[in-house]
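First comes the structure, then the notes that go with it.
Shown next as structure tokens:
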């Protein structure tokens, strides 16, 4: 099948690639970019394991064509830690609060939580639960995921407050 | 040396009892896990299936020419290609065979018919559409109660004339086995003499484990070396290697089976599926790696359903509520092939744990397995083999009996509990329960939830409902379960002839850091964290200095894998014993270094000390170094040990769960107001991980009880094999869980641990179901079948005239 050239930014890096028009973003990320952090759990937009951040929105990358990402800025789980290796507050929260077990939903869950906290830096438990309801987890029962996100929110808010003072 | 110092040293080990953060998290939170679909080998091709649209049909012809003509397609395998290799059928764990690719007939919708191998997954999917299969539809059998009717269609033509199966006589062409246990005459007598009896058909619907990662493998045949490497979603990688060797005739040492990170299993990844066999065959034929990853619909409709048990339960009791007998008949729908994942001698698993937590003097159980035009499976979805079915049956039956007697369900349970002094307890159906204190656990649960106050509130609310002041019905669900896990003694438990032991091997390096490998395989349970904690406490080196590995059959000692909550009871025991072997050798080295006799030494946390001379001591770190350069005369260097552990008995975790629901009579919407779970899993290795396991198991129980079902229509179409239809709760529906515990160690396990991962599923399902049933207990309702989704519950309200 004829291929189309796309140019986009992934985790801050400029990328150019040839893709089939039908190639899904998740397959492009995983198979061409070798970013295997985002996972495939259903291919039908239900489970959210493939969630990445695209131009300031959470997207399920199994339901976006790679060509639709032309010109976009994408962040995946691989782009969450600081360049010096310091973990993001969400990554720290997930391990501190035991917010993961098998780890398969975790990258998508963290990426969704990342956007949620941009949209609402101080969410209630109910807001967190609604905010991550597009992401399924089969292991944890969500209770510790909620705590992990709250941990990150507190840490990020404290850091922001400190910076403002 | 002060006691405080000892405590500090103990804490630094992060051993048993510590809520140690998980070592595996560091890769998962950064997207650096290595799951099967992440494996990418040079030249790798991709496999996909052509599947049957029919539930039952004859295959008249298969024309793959158009598919083969598609650029990028490398091969199309059908049963004709597998038959000369004798691989068109494969043996199942249950002593049956399962078609790898359908030969003459298809027996369930989405059955595997042809296997496409292509350059990428898109081309493979395109090619699957191009394969022309000509079918002749046949009468479909979906109702297991019709399986043994005289005029029921013959499903398994390959079994024609076989009147005896792997588990005895077959009494009908769609009959698989009858399994019987207990004292029939004694039980019949108990029922004849009973003052009160109940009898109810309690069905446990067909559901699916549906881990977030579906099943997958990558097979890679190196034709030059004659070696086969298989990466796969395997809960039991060593057994997979043995089976692969037996089927392929490749010597076992030339097969490398690797289970990398696994994205949840819950029983789904125990068995061997056609996708694995076809990938291996394709790689052998083509000489390049072949990957197969099932999609979600394939997962839900073709690999490994669970339950589908239709249980007619009977209890006999005295008028004052003492149970005098239990009788049960189970009709087990096994689908088209008997692919149940049970130990060989247990065609109905450990269903005979169905006397539960109660001192029932006599019991009799009979299970009939039958074929239907449904997907094969019968796996233990987050439970030990058929234990959740058994727990569900007895716990529903207890509530039904309580209602008939006019007794409180908790009171009836208290009255019939096996008492602490009765352990080890011999059950009427043949098990020896190792330990338990049921009354203490039940009382603690009742006090924590203020059970008496809940009942008083329910009484008031029922009156308020009658007065029209509320539209909500309040239900209180009580469940007390006893699990049987940790299979098992090899004398009566094996998988395809391999005894169900497990193993641990450790090498302590000169600096005192170590690597330990085990025969199990974590799918999210946190083995890399908890096994290190057991070893840390037993040996006296920090858990942080012990790396745990599992899943690579080249390096790990042989073990039977992770399912049926057997990792802690079996491999965890091997870890404890391996630690003791290390400590024994370390003691000899310490005695040599300190120039005293072994009897003059005491072990203290992380070191040996000379009795009466506490300043004379050697730490384990010092001893590890000495093991490589300064040993007693004649002792072999190094500090290594291996242990293969054959447990003397299984372990019997238990728990008391109480659930409160409020049901809207006009919509059937059921809100879980409160869920309290008390678990007793014996010695607690990592409380944080235990709590996480309980949260997850309860959430799966909630899903099963309140909505999950793999249903079929009359034509054998599987209804709702997608996450649109199959209920996997989101964070919004999932209740908040309250956890609690008691500790009754197992007397026969080296550290007293029992296993916990599956308990919440086993106890949770009856707790939810009892709560929903209890909401209607004052009305004309004896038993409402699961799943208790809003629509079904609304139908009950409608039938009872409760809707507005």
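Chains as they are written, first to last, in our numbering: chain P, 129 to 293; chain Y, 3 to 806.
Cβ coordinates follow ideal geometry from the N, Cα and C atoms, glycine included.
query                                                                                                                                                                                     : result
Which residues in chain Y sit within 7 angstroms of residue 269/P, going by Cβ to Cβ distance?                                                                                            : 697, 698, 700, 701, 736, 739
Does the Cβ-Cβ distance between residue 233/Y and residue 262/Y come in under 9 angstroms?                                                                                                : yes
So, at 8 angstroms on beta carbons, what are the nonlocal neighbours of residue 431/Y in its own chain, with the 5 sequence-adjacent residues on each side left out?                      : 183, 184, 354, 355, 356, 357, 365, 367
Counting only beta-carbon atoms, is residue 743/Y nearer than 9 angstroms to chain P?                                                                                                     : no
To the nearest angstrom, how far is the alpha carbon of residue 403/Y from that of residue 312/Y?                                                                                         : 19 angstroms
Can you tell me which of the three DSSP states residue 538/Y falls into?                                                                                                                  : helix
Assign residue 163/P to one of two classes, buried (16 or more other C-beta atoms within 10 Å of its C-beta) or exposed (fewer than that).                                                : buried
So within the region 525-590 of chain Y, which uninterrupted beta strand (DSSP E) runs reach at least 3 residues, ignoring any that extend past its ends?                                 : 548-552
Going along chain Y, which residues have a C-beta under 7 angstroms from residue 174/P?                                                                                                   : 725, 726
Give me the Cα-Cα distance between residue 483/Y and residue 395/Y, rounded to the nearest whole angstrom.                                                                                : 11 angstroms
Got a sec? Which residues, its chain only, sit under 8 angstroms from residue 177/P by beta carbon, not counting five neighbours each side?                                               : 166, 167, 168, 169, 170, 232, 233, 235, 236, 263, 264
Do residue 222/Y and residue 292/Y have their C-beta atoms closer together than 9 angstroms?                                                                                              : yes
How would you call residue 300/Y, buried or exposed, if buried means at least 16 neighbouring beta carbons within 10 angstroms?                                                           : buried
Which residues, in chain order, does the region 212-227 of chain Y contribute to contact with chain P at a C-beta distance below 9 angstroms?                                             : 212, 213, 214, 215, 216
In whole angstroms, what separates the C-alpha of residue 777/Y from that of residue 448/Y?                                                                                               : 18 angstroms
Quick one, are the C-beta atoms of residue 481/Y and residue 318/Y less than 9 angstroms apart?                                                                                           : no
Which chain P residues sit within Cβ distance under 8 angstroms of residue 264/Y?                                                                                                         : 230
When the Cα atoms are used, what is the spatial distance from residue 133/P to residue 210/P?                                                                                             : 30 angstroms
Within the same chain, show all residues whose beta-carbon is closer than 6 angstroms to that of residue 210/Y, passing over the 5 residues directly before and after it, in chain order. : 302, 307, 712
From which residue to which residue does the alpha helix (DSSP H) around residue 288/Y run?                                                                                               : 276-288
Rounded to whole angstroms, how far is the Cβ of residue 166/Y from the Cβ of residue 158/Y, which I believe are closer than 8 angstroms?                                                 : Not a contact, Cβ separation roughly 14 angstroms.
Can residue 118/Y and residue 50/Y be called in contact, C-beta distance under 9 angstroms?                                                                                               : yes
Extract the residue ranges of the alpha helix (DSSP H) inside the region 109-189 of chain Y, only unbroken runs of 4 or more that lie entirely within it.                                 : 123-132
Less than 9 angstroms between the C-beta atoms of residue 697/Y and residue 184/P, yes or no?                                                                                             : no
Taking Cβ-Cβ distances below 9 angstroms as the criterion, which residues of the region 242-273 of chain P are in contact with chain B?                                                   : Here chain B cannot be found, since the structure's protein chains are P and Y.
Which word fits residue 352/Y, buried or exposed, when buried means at least 16 other C-beta atoms lie within 10 angstroms of its C-beta?                                                 : buried
Is the beta carbon of residue 512/Y sitting closer than 9 angstroms to the one on residue 571/Y?                                                                                          : no
Using a Cβ-Cβ cutoff of 8 angstroms, what residues of the region 138-156 of chain P are near chain Y? List them in chain order.                                                           : 148, 150, 151, 155
Going by DSSP, what residue range makes up the beta strand (DSSP E) through residue 195/Y?                                                                                                : Counting along the chain, residue 195/Y falls outside any beta strand (DSSP E), and DSSP gives it neither H nor E.
Contact check, residue 200/Y vs residue 399/Y under 8 angstroms by CB: the rounded distance?                                                                                              : 7 angstroms
Looking only at C-alpha atoms, which of 220/P, 144/P, 197/P, 292/P sits nearest to residue 281/P?                                                                                         : 220/P
Check residue 250/Y in the structure and name its three-state DSSP category.                                                                                                              : helix
Quick one: give me the first and last residue of the alpha helix (DSSP H) that residue 690/Y is part of.                                                                                  : 689-708
Does DSSP put residue 15/Y in a helix, in a strand, or in coil?                                                                                                                           : helix
Would you mind working out which of 163/Y, 122/Y, 206/Y, 375/Y sits nearest residue 719/Y, comparing C-alpha positions?                                                                   : 375/Y
Listed in chain order, which residues of the region 192-212 of chain P have Cβ atoms closer than 8 angstroms to some Cβ of chain Y?                                                       : 204, 205, 206, 208, 209
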